[in-house]
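Q:
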Amino acid sequence: MPTTMNEKALEDLIVNWLTNHNQYELGDTSQYDTHYALDTGRLETFLKLTQPAEVEKSGIFHSPVNRRKFLERLRDEITKRGVVDVLRKGLKHQSNTFVLYNPLPSALSAEGEERYALNKFSVVRQLRYDAQNPALALDVAIFINGLPVITMELKNQITGQNTAHAIAQYRTDRSPNNLLFMPKRCAVHFAADDDTVQMCTKLCGANSWFLPFNKGFNDGAGNPVNPNGLKTAYLWEEILTKRNLSNILEHYAQVVTERNPDTRRNIEKTIWPRWHQLQLVRALLHETAKGNIGQRFLVQHSAGSGKSNSITWLAYQLVELLEGDQPLFDSVIIVTDRVNLDKQLRNNMRAFSRNENIVDAANSSETLRQHLVNGKKIILSTVHKFSFILDAIGNELASHRFAVIIDEAHSSQSGKMAASTNQVLAGSAVADDTELSVEDAVNEAIAQYMCGRRMAPNANFYAFTATPKNKTLETFGTPFIKPDGETGHRPFHVYSMKQAIEEGFILDVLSNYTTYESFYHIRRRVEDDPEFDRKQALRKIRHFVERQPETIEKKAEVMVEHFHTSVAHKIGGQARCMVCTTGIQRAIDYFFAVNRLLSQRDSQYRAIVAFSGDFEYNGKTVNEGSLNGFPSAAIEKTFRTGNYRFLIVADKFQTGYDEPLLHTMYVDKPLHGLQTVQTLSRLNRTCPKKEDTFVLDFVNTCDDVEQSFQTFYKTTILSRETDPNRLNDLLAEIEKHQIYTQYELETLNQRYWNNAPREALDPLLDAMCQRFCTLSEEEQVECKSSIKAFIRTYEFLSTIMDSCSLEWEKAETLLKLLVRKLPSLGTDDLTRGLIEAIDFDRYRLEKKEERKIQLQNADTEIEPVPTATAAGVAEPDMQRLSVIETQFNELFGSTDWDDIEVVKRQVEDVTQRVTNDNNVRDAMLNNDEQTAAQECDEATNVKMADMAETYTQLISKYMSEPDFQERFNQLIRERVKAAINPEYDEQDLAFKLRQAFKEDFADFCDGVHNVEFDEVLRLFFCLVNAETIPALQGLRRILRNTLNCLYRAQHREEDFRTWYADLVSRFEAFLKKIYWLQHGVPMPLVNDGRDPALLDAVRHFPRISSLYHTRNPKHERFKQYYNVVFTWRNKENHSAEDLPANLLPAALHAAVAMYLYATMVSAPDLKGKL
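Note that my numbering has the sequence shown beginning at 1461, numbered continuously upward.
1) For isoleucine 1941, count neighbouring Cβ atoms within 10 angstroms of its own Cβ and tell me buried if that reaches 16, exposed if not.
2) Counting along the chain, where does the alpha helix (DSSP H) carrying arginine 2211 start and finish?
3) In the stretch 1709–1785, which residue ranges form an unbroken beta strand (DSSP E) of at least 3 residues, counting only runs that do not cross its ends?
4) Whole angstroms are fine: how far does the CA of glycine 2494 sit from the CA of tyrosine 2615?
5) Using 8 Å for Cβ pairs, my map puts aspartate 1867 next to isoleucine 1794. What's the rounded Cβ distance?
6) Measuring alpha carbon to alpha carbon, tell me which residue in Phe2051, Leu1478, Thr1947 is nearest isoleucine 2108.
7) For leucine 1598, which three-state DSSP category applies?
8) Would you mind working out which of Phe2586, Tyr2065, Gln2240 sits nearest alanine 2037, comparing C-alpha positions?
9) Quick one, which of Val2558, Gln2008, Thr2153, Asn1823 has its alpha-carbon nearest leucine 2122's?
10) Whole angstroms are fine: how far does the CA of alanine 2383 sit from the CA of proline 2562?
11) Less than 7 Å between the C-beta atoms of isoleucine 2095 and isoleucine 2068, yes or no?
12) Taking DSSP as the reference, what is the three-state secondary structure of valine 1680?
13) Classify isoleucine 2095 as helix, strand or coil using the three-state DSSP reduction.
14) From what residue to what residue does the beta strand (DSSP E) around histidine 1553 run?
15) Following the continuous beta strand (DSSP E) through lysine 2080, name the residue where it begins and the one where it ends.
16) Please classify alanine 1497 as buried or exposed, where buried requires at least 16 neighbouring CB atoms within 10 angstroms.
17) By alpha-carbon positions, which one of Val2476, Asp1968, Gln1737, Gln1491 ends up nearest to proline 1672?
18) Over what stretch of residues does the beta strand (DSSP E) that includes alanine 2067 continue unbroken?
19) Compare the Cα-Cα distances from lysine 1540 to each of Glu1516, Pro1643, Thr1479 and report the closest residue.
20) Out of Lys1552, Ala2028, Arg2500, which has the shortest C-alpha to C-alpha gap to aspartate 2445?
21) Following the continuous alpha helix (DSSP H) through alanine 1960, name the residue where it begins and the one where it ends.
22) When we look at the beta-carbon of isoleucine 2031 and count the other beta-carbons within 10 Å, is it buried (16 or more) or exposed?
23) With a threshold of 16 other CB atoms inside 10 Å of the CB of asparagine 1562, please say whether the residue is buried or exposed.
24) Expressed to the nearest angstrom, what Euclidean distance is found between the alpha-carbon atoms of glutamine 2425 and valine 2402?
25) Shortest alpha-carbon distance to lysine 1580 belongs to which of Asn2078, Gln1483, Glu1780?
26) Threonine 1692: buried (16+ other C-beta within 10 angstroms of its C-beta) or exposed?
27) Can you have a look at glycine 2116 and say buried or exposed, based on whether 16 or more other CB atoms are within 10 angstroms of its CB?
28) Output needed for aspartate 1499: all residues of its chain with C-beta closer than 7 Å, excluding positions within five of it in sequence on either side, in chain order.
29) Assuming leucine 2275 and isoleucine 2247 make a contact with CB atoms under 8 Å, what is their CB distance in whole Å?
30) Can you find at least 3 beta carbon pairs, one from the stretch 2160–2178 and one from the stretch 2123–2140, that sit closer than 8 Å?
31) Could you tell me whether the Cβ atoms of proline 1951 and threonine 2182 are closer together than 7 Å?
32) Where does glutamate 2239 sit, in a helix, a strand or coil, going by DSSP?
33) Among Phe2071, Val1544, Val1525, Leu1560, whose alpha-carbon lies nearest the alpha-carbon of threonine 1505?
34) To the nearest angstrom, report how far apart asparagine 2055 and valine 2039 are at their CA atoms.
35) Three-state secondary structure (DSSP) at threonine 2392?
36) Quick one: what's got a C-beta closer than 8 Å to threonine 2522's C-beta in the same chain, skipping five residues either side?
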């Protein structure tokens, strides 16, 4: 007889497996009561078997009436709470409580196993679920103790039907009004055939949303061949085994409540894990339980993977892991990379919590410290908080064990921040209870500090990211030996971008990609022919032509026309677009141009502009609110719900912004690497009626975009580890310049680690600086570059290496102190008068390419952390203006390049991509000029190397002509620096502070009762720059950097928040510094022996403390400023409030004003002391 290959045979296979291999009971449709949607017979049997006394006492089965009331109560509770919650928590009926499911035993317990074995798992085929239409039958249903848990519709491809037909059957024939198919009454509904499985947690007719429940194949959708059976056999052979199903129901399945931000109504969602989420969490739990504490895991899960749910499930089950009868971890800490806790993750944790006291957020250092010491089970925090509590924790946590889950690990674990995190968790502190020689004491202190920097041995790390960088892979990835003998690192688990796209969880943003090419021409407007530095001049001219009104207008025309003809009707007429620009000036230019064009065509649509802070535009200070006509906080809702269809952004809404209605992106800024993926991925969110996306790019090439996405399309692998010997090489390069001796190295470390006064260190460092200044300019560059490379490389390697050299640590101690004192090696502006000498002649815009960018089905290897140093200083390349004019027009106008659009786009592309590179931006904001310059050069070199195969002519010129290469690199460095972190200019900063605060101090600084305001500013900078005790020495760098960036650079909302936190949290230290300069001694301890806090410090300044109670109208403004600072500082320690974005500029103004006010009132006591 031939094999039966129909749908019935598939039913037979599933039912037989469950009953023969998993001891399911075979149910019958006659035992199903459609009035209650229950297998009432098995329900009654389970209750009488497990709770006979309660059943007898309650009398629920003594009469038909009692039976009906009990079953109605159970039916209604399932409808209200959901079947999962009823199984977990049981049923209260009158004065009785009934257990409806016995959970898996938490440990090896014979009694627990016996109770669990009493559960009645049953399977029913061809379930007649509708009394009104008995012909309707469900293929398979799974019950636990009589309660329906799972339904299944099966199809067979060999007979011409597949999973799609099963989905259609659910949508058309399975009415959501039927009791069985109502929301929450079943945990999940499966549609399956012999190849694939789809799942749905809420049936709602034609709108039922089915998700893939497949293993994935070759990092994509579908299932692999099963050598032992059907591809989908995992559904019944693995998922539906009793223990696996119980595990899902107990730890994963859930009904969560979410709040709609527009309607402000709560929405219930039934959650069932996807295959990859189950596999991930179970694999992590398995490896954690069998291994030692101190393990590290990297999870590469794409957008659309359900990462928040995966983190939530992992956190709750890590809490439950036991070692013997004790918890394996004291606390599980979830770390996000944002200053403001990720709302989705925070809400997710609380929605899943069955115990309100198990999880809490720590938005202040004191709260975090208390949670850690007290063993709060799940703590939500940001990585920035760890460094704040290092000194407070000391040895307290050394005996504790932690699980640290890091969300978006690529930006939250590197260098100094990782070292601080590790020191806190490891509880490292210098012991002082052993008699040691001076030298041994110093070495012991350094050794203990080194141990604390390494990955904490008392913590497991679980790092999640969609886009792992080289540091992330080397820190958290799983090491493996490659065929060439090198040690590579790969993720522990992968859910790829490819699979997320193929399974429909995100859209392919590269499927419709159009590029445009710009051509410019300039002409000389002066008769003479002055000389300028060529490398600086080409960069400045390009910036000049890009900001011309004609350039903006023509691009805006393309955007507006394209949106109306190709986009507006998408997503049921609700499609939106984003315009990405290079900066605030350009964003505002586009805002006015687009709105003007929309008005001219009588369009119903309008544009919104988004940027951070205030901006000087055409002589007037503007911000988002003044331009848009509504507050900044309303931008997201207004864009989502109104007729505002253009969102024009300057470094805002390009990461972490999820708006499914966003369909099209117009790109007028260079993108590079990770930033390309993050920016364009704003389009990939799915929603009903959204079938595609579109990108129109004025700057980048399809090839470059493809290369950026390819890195993260499948699995990202680190090619090899960073070579520790590079540290020895760098030390050799430094020491050959002989700027310090071995004696000075040992002496400085001895003094530093024994807490010597500042004046004991400076003579040593000053002598080294003098020797540095005697070096040639080229030697200075080489030496300082090597110092920076050593510090950067050691900061990273010291967190991941099992052991480090004492010599390295001593060298880093010296070099970190020395590098701050070495002179800046800046370059002069050799283009003064250039822009005044040229005119913009003409501009042309042409469509270049329309393409579906196809990514390769391959993993990507990336190189380890760069450790290269900079070369010497290039001599200025002075050229006459006529020559520069010709060169620019050849490059960007009409040239003899083989492919001008590639060359032109790549020149600008590399520049701006480096500008927006996360590492470069971090270096610009957190390091000095040389480190930032080196980061820029490294990013440029990587980019140009990546282009080698595709852009042969440009790379050939770059590699073969050193002058071209240096001009190229220098152009990028200057542009990045000017945009993100301009060189500190105290004179310009003082001017801007004078303009910003002269009105505030007009009634005070009269030269009689208080010094004049110019003197206040002079004293303020003297205070900032003054040298005091080591505990306050970091204040100079922090205040100079923060104020310089705040008043002289472009910035984002998150920069505002960081700088505001820095200014408010350091106000206390500023007062202590004033006190020290006034009295020559540190501010005294308070009565209980602790260091003075802000309120204690303020009491030493009566004119500041009196502001709190003053009723003098003259002081009202500063009373408000003081309250802003004091209130936020107090809340930072005790609560988790965030300032609304629209209040940040005013709050920053108040914070800086209090620094100046403290200077003013302290001026008399500082006379002659600065």
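Built from N, CA and C at the ideal position, the CB exists for glycine as well.
A: With the given structure in hand:
1) Residue 1941 sits at position 481 when you count from the first residue of the sequence shown. Counting the other CB atoms within 10 Å of its CB gives isoleucine 1941 a total below 16, which places it among the exposed residues.
2) Taking the sequence shown and counting its residues from 1, the one referred to as residue 2211 is at position 751. DSSP places arginine 2211 in the uninterrupted alpha helix (DSSP H) bounded by 2202–2213.
3) List check, beta strand (DSSP E) in window: 1714–1719, 1726–1731, 1756–1761.
4) Locating residue 2615 in the sequence shown gives position 1155, where the first residue counts as 1. Locating residue 2494 in the sequence shown gives position 1034, where the first residue counts as 1. For tyrosine 2615 and glycine 2494, the distance between alpha carbons rounds to 16 Å.
5) In the sequence shown, counting from the first residue as 1, residue 1867 sits at position 407. In the sequence shown, counting from the first residue as 1, residue 1794 sits at position 334. A Cβ-Cβ separation of about 7 Å places aspartate 1867 in contact with isoleucine 1794 under the 8 Å criterion.
6) Position 648 of the sequence shown, counted from the start, is the residue given in the question as residue 2108. Nearest option by C-alpha distance: Phe2051.
7) Walking along the sequence shown from the start, residue 1598 turns up at place 138. Strand at leucine 1598.
8) To locate residue 2037, count along the sequence shown from 1; it is residue 577. According to the sequence provided, residue 2037 is cysteine. The question's alanine does not apply to it. Nearest C-alpha to cysteine 2037: Tyr2065.
9) Sequence index remark: in the sequence shown, residue 2122 carries index 662 (1-based). Of Val2558, Gln2008, Thr2153, Asn1823, the residue nearest in Cα terms is Thr2153.
10) In the sequence shown, the residue the question calls residue 2562 occupies position 1102. In the sequence shown, the residue the question calls residue 2383 occupies position 923. Looking at the two C-alpha atoms, the distance is approximately 40 Å.
11) For the purposes of this step, residue 2095 is taken as the residue at position 635 of the sequence shown. For the purposes of this step, residue 2068 is taken as the residue at position 608 of the sequence shown. Contact check for isoleucine 2095 against isoleucine 2068 passes: the beta carbons are separated by less than 7 Å.
12) Position 220 of the sequence shown, counting from 1, holds the residue named residue 1680. One point to set straight first is that residue 1680 is glycine, not valine, in the sequence displayed. Looking at glycine 1680 - three-state DSSP - the assignment turns out to be strand.
13) Along the sequence shown, one-based indexing puts residue 2095 at 635. Residue state for isoleucine 2095 is assigned as helix, using DSSP reduced to three classes.
14) For this step, residue 1553 is matched to residue 93 along the sequence shown. Element bounds for histidine 1553: 1551–1553.
15) What you label residue 2080 is simply residue 620 of the sequence shown in a count that begins at 1. Lysine 2080 -> beta strand (DSSP E) spans 2080–2082.
16) One-based indexing of the sequence shown puts residue 1497 at position 37. Buried, since its Cβ has 16 or more Cβ neighbours within 10 Å.
17) Numbered from its first residue, the sequence shown carries residue 1672 at position 212. Comparing Cα-Cα distances from proline 1672 to each of Val2476, Asp1968, Gln1737, Gln1491, the minimum goes to Gln1737.
18) If you number the sequence shown from 1, residue 2067 lands on position 607. If you look at alanine 2067, you'll find it in the beta strand (DSSP E) that goes 2066–2070.
19) Working through the sequence shown from its first residue, we reach residue 1540 at position 80. Answer by Cα proximity: Pro1643.
20) Against the sequence shown, residue 2445 aligns to sequence position 985. Among Lys1552, Ala2028, Arg2500, the Cα nearest to that of aspartate 2445 belongs to Arg2500.
21) On the sequence shown, position 500 is the one that residue 1960 refers to. Membership of alanine 1960 in the alpha helix (DSSP H) is indicated by the continuous run 1957–1962.
22) Reading the sequence shown from its first residue, position 571 is the one you call residue 2031. Counting every other CB atom within 10 Å of its CB across the protein chains shown gives isoleucine 2031 a total of 16 or more, marking it as buried.
23) Numbered from 1 along the sequence shown, position 102 holds the residue referred to as residue 1562. With 16 or more neighbouring CB atoms inside 10 Å of its own CB, asparagine 1562 falls in the buried class.
24) Counting from 1 along the sequence shown, the entry for residue 2425 is found at position 965. Counting from 1 along the sequence shown, the entry for residue 2402 is found at position 942. Distance between the alpha carbons of glutamine 2425 and valine 2402 is about 13 Å.
25) Sequence index remark: in the sequence shown, residue 1580 carries index 120 (1-based). Nearest option by C-alpha distance: Gln1483.
26) By one-based count along the sequence shown, residue 1692 stands at place 232. Taking all protein chains shown into account, threonine 1692 has 16 or more neighbouring C-beta atoms within 10 Å of its C-beta and is therefore buried.
27) Numbered from its first residue, the sequence shown carries residue 2116 at position 656. Under this definition glycine 2116 is an exposed residue.
28) As a first step, residue 1499 must be located in the sequence shown, where it is residue number 39. Excluding sequence neighbours, aspartate 1499 sits near Gly1487, Gln1491, Tyr1492, Ser1582, Phe1603, Gly1606.
29) Counting from one through the sequence shown, the residue named residue 2275 turns up at place 815. Counting from one through the sequence shown, the residue named residue 2247 turns up at place 787. That pair is a contact at about 5 Å.
30) When C-beta atoms of the stretch 2160–2178 are compared with those of the stretch 2123–2140, three or more pairs fall below 8 Å, so the two segments count as touching.
31) Against the sequence shown, residue 1951 aligns to sequence position 491. Against the sequence shown, residue 2182 aligns to sequence position 722. No. Outside cutoff.
32) Here residue 2239 refers to the residue found at position 779 of the sequence shown. Looking at glutamate 2239 - three-state DSSP - the assignment turns out to be helix.
33) Position 45 of the sequence shown, counting from 1, holds the residue named residue 1505. Selected option, being the one with the closest Cα: Leu1560.
34) Here residue 2055 is taken as the residue at index 595 of the sequence shown, counted from 1. Here residue 2039 is taken as the residue at index 579 of the sequence shown, counted from 1. Answer to the nearest angstrom: the Cα atoms are 13 Å apart.
35) Taking the first residue of the sequence shown as 1, we reach residue 2392 at position 932. Residue 2392 is actually alanine in this sequence, not threonine. In this structure, DSSP gives alanine 2392 a helical state, which the three-state scheme calls helix.
36) As a position in the sequence shown, residue 2522 is number 1062, starting the count at 1. A small correction: the amino acid at residue 2522 is aspartate; threonine does not occupy that position in the sequence shown. Listed in chain order, the non-local C-beta contacts of aspartate 2522 below 8 Å within the same chain comprise Ile2498, Thr2502, local neighbours out to five positions each way being set aside.
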